[in-house]
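Residue 20 is where the sequence shown starts when you use my numbering, and the numbers rise one by one after that.
C-beta atoms are modelled at their ideal positions from N, C-alpha and C, and glycine is treated no differently.
All values derive from a computational prediction rather than experimental measurement.
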Amino acid sequence: MTRLVRGADGRMWTVRGRMSWANMDGADDFEHDVAGGHGPGIGMISILVILTVVLLVWRPAGVVVPGWLILALVLLFLFFPARWALRRPWTIVAETPGDLDEHPPERWVGTVRGVFNVRQETSKVARNIEVYSLPNVDGPLQPVD
20 MTRLVRGADG RMWTVRGRMS WANMDGADDF EHDVAGGHGP GIGMISILVI LTVVLLVWRP
80 AGVVVPGWLI LALVLLFLFF PARWALRRPW TIVAETPGDL DEHPPERWVG TVRGVFNVRQ
140 ETSKVARNIE VYSLPNVDGP LQPVD
């Protein structure tokens with residue numbers, strides 16, 4: 020996701036977002052830091068698979084499993100991987116090469132979690148650049164040397 024934005028002062032800015040597959044330092048909230056590693060997730064998936072197999076194998080011969088139950092189990096299995104993919108951290112970068120006269124090159128970098136949030140923040144950053152010639156200091160982006 021890349022956008023070219025012209026600032027109020029005439030400089031051209033490139034605003035881009037990139038998904039990060041690895042969690043960066045400080046990108047996680049406190050609640051995610053408590054259970055470090057992949058062990059708890061693997062354990063929960065294992066328990067869910069075992070309970071599903073037990074449900075389907077130990078049923079009496081005359082019981083018919085409705086299709087909606089199978090669909091509900093499939094949706095339950097897909098919920099957490101889909102949530103994980105949609106909540107990945109994104110790195111947003113706004114940079115300008117500057118111009119030779121007054122303005123030096125600038126680079127602003129920040130992290131936003133989630134696909135929908137990154138779209139909103141990218142739009143806010145682009146709008147702030149168009150109006151004020153800089154990203155908002157109170158937003159997720161901070162200047163980098």
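If you check the beta carbons only, do tryptophan 109 and glycine 133 fall under 9 Å apart? Here residue 109 corresponds to residue number 90 of the sequence shown, with the count starting at 1. Here residue 133 corresponds to residue number 114 of the sequence shown, with the count starting at 1. Cβ distance < 9 Å, so tryptophan 109 and glycine 133 count as in contact.
Where the alpha helix (DSSP H) through alanine 104 begins and ends: As a working note, residue 104 is residue 85 in the sequence shown. It spans 86 to 105 - the alpha helix (DSSP H) in which alanine 104 sits, taken as one unbroken run.
Beta carbon of phenylalanine 135 nearer than 9 Å to that of leucine 160: Taking the first residue of the sequence shown as position 1, residue 135 is located at position 116. Taking the first residue of the sequence shown as position 1, residue 160 is located at position 141. Contact flag unset, no.
Evaluate isoleucine 61 with the Cβ neighbour count: other Cβ atoms within 10 Å of its Cβ, from every protein chain shown; 16 or more gives buried, anything less gives exposed. Position 42 of the sequence shown holds residue 61. Exposed, because fewer than 16 other Cβ atoms sit within 10 Å of the Cβ of isoleucine 61.
Indicate the three-state DSSP secondary structure (helix, strand or coil) for phenylalanine 20 in the structure shown. Against the sequence shown, residue 20 aligns to sequence position 1. Just to set this straight, residue 20 is methionine in the shown sequence, not phenylalanine. Reduced to three states, the DSSP call for methionine 20 is coil.
Could you tell me which residues DSSP pairs with alanine 113 in its beta bridges? Numbered from its first residue, the sequence shown carries residue 113 at position 94. Bridge partners of alanine 113: Val34 and Trp127.
So, is leucine 119 buried or exposed, given that buried needs 16 or more other C-beta atoms within 10 angstroms? By one-based count along the sequence shown, residue 119 stands at place 100. Exposed, because fewer than 16 other Cβ atoms sit within 10 Å of the Cβ of leucine 119.
Proximity winner among Glu114, Met63, Arg35 and Val76, relative to proline 100 (alpha-carbon distances): Counting from 1 along the sequence shown, the entry for residue 100 is found at position 81. That would be Met63, whose Cα lies nearest to the Cα of proline 100.
Quick one: grab the DSSP three-state call for arginine 138. As a working note, residue 138 is residue 119 in the sequence shown. Of the three classes helix, strand and coil, the one that applies to arginine 138 here is helix, per DSSP.
Exposure label - glycine 36; buried when at least 16 CB within 10 Å: On the sequence shown, position 17 is the one that residue 36 refers to. Result: buried.
For arginine 107, which residues of its own chain have a beta-carbon under 6 Å away from its beta-carbon, when the five flanking residues on both sides are left out? Residue numbering aside, residue 107 sits at position 88 when the sequence shown is read from its first letter. Closer than 6 Å at the Cβ level, and outside the excluded window around arginine 107, lie Met38.
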